[in-house]
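Colleague: Right, I'll just put the structure down here and ask away after.
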Amino acid sequence: MNIEHRTLSIEQLPLRPMKWLCHILLLATMGFLAFVSCSEEEIQAEGIEPFVTVKFINQDSVKELDTAIAQINADIKVIDDRIAEIDAAENRSELRDEKDSLNDVKSSLNKQKTRLSSIRSRINSGKIILSSLSGTGGIDQILSADSATQHQFPINSNSTSVRFFTVINGRLDTLDFTYNLSNEFIENQLRAIASNLEVNYFTFDSVKLVCGDSTCISNEAELTAYF
Numbered sequence: 022m023n024i025e026h027r028t029l030s031i032e033q034l035p036l037r038p039m040k041w042l043c044h045i046l047l048l049a050t051m052g053f054l055a056f057v058s059c060s061e062e063e064i065q066a067e068g069i070e071p072f073v074t075v076k077f078i079n080q081d082s083v084k085e086l087d088t089a090i091a092q093i094n095a096d097i098k099v100i101d102d103r104i105a106e107i108d109a110a111e112n113r114s115e116l117r118d119e120k121d122s123l124n125d126v127k128s129s130l131n132k133q134k135t136r137l138s139s140i141r142s143r144i145n146s147g148k149i150i151l152s153s154l155s156g157t158g159g160i161d162q163i164l165s166a167d168s169a170t171q172h173q174f175p176i177n178s179n180s181t182s183v184r185f186f187t188v189i190n191g192r193l194d195t196l197d198f199t200y201n202l203s204n205e206f207i208e209n210q211l212r213a214i215a216s217n218l219e220v221n222y223f224t225f226d227s228v229k230l231v232c233g234d235s236t237c238i239s240n241e242a243e244l245t246a247y248f
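Here it is as C-alpha cells:
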C-alpha cells in the first residue's frame, strides 16, 4: 500500500474558521451601529419644544370696573358722613329710621363693591377662554373650552421667528416673536432652546415681556398682553 504524504503550505490551510470569525465581528459591528443609530433617534424623539407663557388681561374692562368701584366708594363716603352727622345730632333718636335706611343702602353698596372687585381680580389674573390659537411654522390650531390664567405658546424650532394668531371673545389679534435657536442636552434629553426672545410685532393695546435673566430664554419668560 502506498501512502501519499501531502504537505500543505500556510496559504493552503482551510479558511472556514477565519471566515466565521470575520462574519461574527462584522455582525457585532453592524449591531453596535444599529444600536447607536436607534439611541440617537430616541434622543431626538424625546426632545421638548420651547414655549413662551402668555397671559391676557382685558384692560378696558378693568378700567370700567375701577370707575364703578370708585363711584361706589364715593357714595359710601357720603353715607358715612351723613351717619356721622346723625350720631352727633342732639335729636339722633328721632333720626334712627334714617340711619337704619342709610346703613341698608351702605350694606347693598358694599355687596356690589365686593362683587365688582372679585370680577376685577379675576380679569387681572388673566383667567380667560382662549377661543383659538394658531401660528406659522406648522403650529396647528388649538381650540379650548376651558379658561386658564396662563397659556403656553409653542415656539417654532425650525425658524428664528414665529407669528401667533389668537381669538378671544371674537377678537382676532397677532403676536410676533423673534429669537435665537440652539440645542442642549438637559436631563439626558436633547432640547431646543429659544433665547434672546423679543416681541417683534403685536396688535394688542400693549404687551409686557418679563424675562428670567438677560438671555431671555423663552421657557422662563412671561408675556402679558393687554386688550
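Just add 21 to the spot in the sequence shown (first one is 1) and you have my numbering. Yeah, the Cβ is synthetic: ideal placement off N, Cα and C, and Gly gets one too. Bear in mind that the values here come from a model prediction, so they are computed numbers and not experimental data.
(1) What residue range is occupied by the uninterrupted alpha helix (DSSP H) comprising residue 151?
(2) Can you name the start and end residues of the alpha helix (DSSP H) that residue 88 belongs to?
(3) At the level of alpha carbons, what is the spacing between residue 87 and residue 110?
(4) According to DSSP, is residue 208 part of a helix, a strand, or is it coil?
(5) Helix, strand or coil for residue 171 per DSSP?
(6) Tell me, which residues are paired with residue 238 by DSSP?
(7) Excluding sequence positions up to five away, which residues of its chain have a Cβ less than 6 Å from the Cβ of residue 147?
(8) By DSSP's criteria, residue 229 is part of a beta bridge. Which residues make up the other side?
(9) Below 8 Å on the Cβ atoms is my contact criterion, and I expect residue 239 with residue 218 to pass it. Report the Cβ-Cβ distance as a whole number of Å.
(10) State buried or exposed for residue 3, treating a residue as buried only when at least 16 other CB atoms are found within 10 Å of its CB.
(11) Find the nearest neighbour of residue 73 within the set 211, 224, 137, 185, judged by alpha-carbon distance.
(12) Can you name the residues that DSSP bridges to residue 76?
(13) Please determine, among 89, 216, 85, 211, the residue with the shortest C-alpha to C-alpha distance to residue 134.
(14) Any idea if residue 183 is buried or exposed, counting beta-carbon neighbours within 10 angstroms, 16 or more meaning buried?
(15) Out of 197, 213, 234, 83, which one is the CA nearest neighbour of residue 155?
(16) What do you get for residue 193, buried or exposed, if any count of 16 or more other CB atoms within 10 angstroms of its CB means buried?
(17) Which residues share a DSSP beta bridge with residue 189?
(18) May I have the straight-line CA-CA distance separating residue 244 from residue 231, to the nearest angstrom?
Modeller: Straight from the coordinates:
(1) Taken as a continuous stretch (DSSP letters only), residue 151 belongs to no alpha helix (DSSP H), as it is neither H nor E.
(2) 80–109
(3) 35 Å
(4) coil
(5) coil
(6) According to DSSP, residue 238 bridges with nothing at all.
(7) 76, 77, 78, 170
(8) 245
(9) 5 Å
(10) Residue 3 is absent from the structure shown; the chain starts at 22 and stops at 248.
(11) 185
(12) 245
(13) 89
(14) buried
(15) 197
(16) exposed
(17) 192
(18) 6 Å
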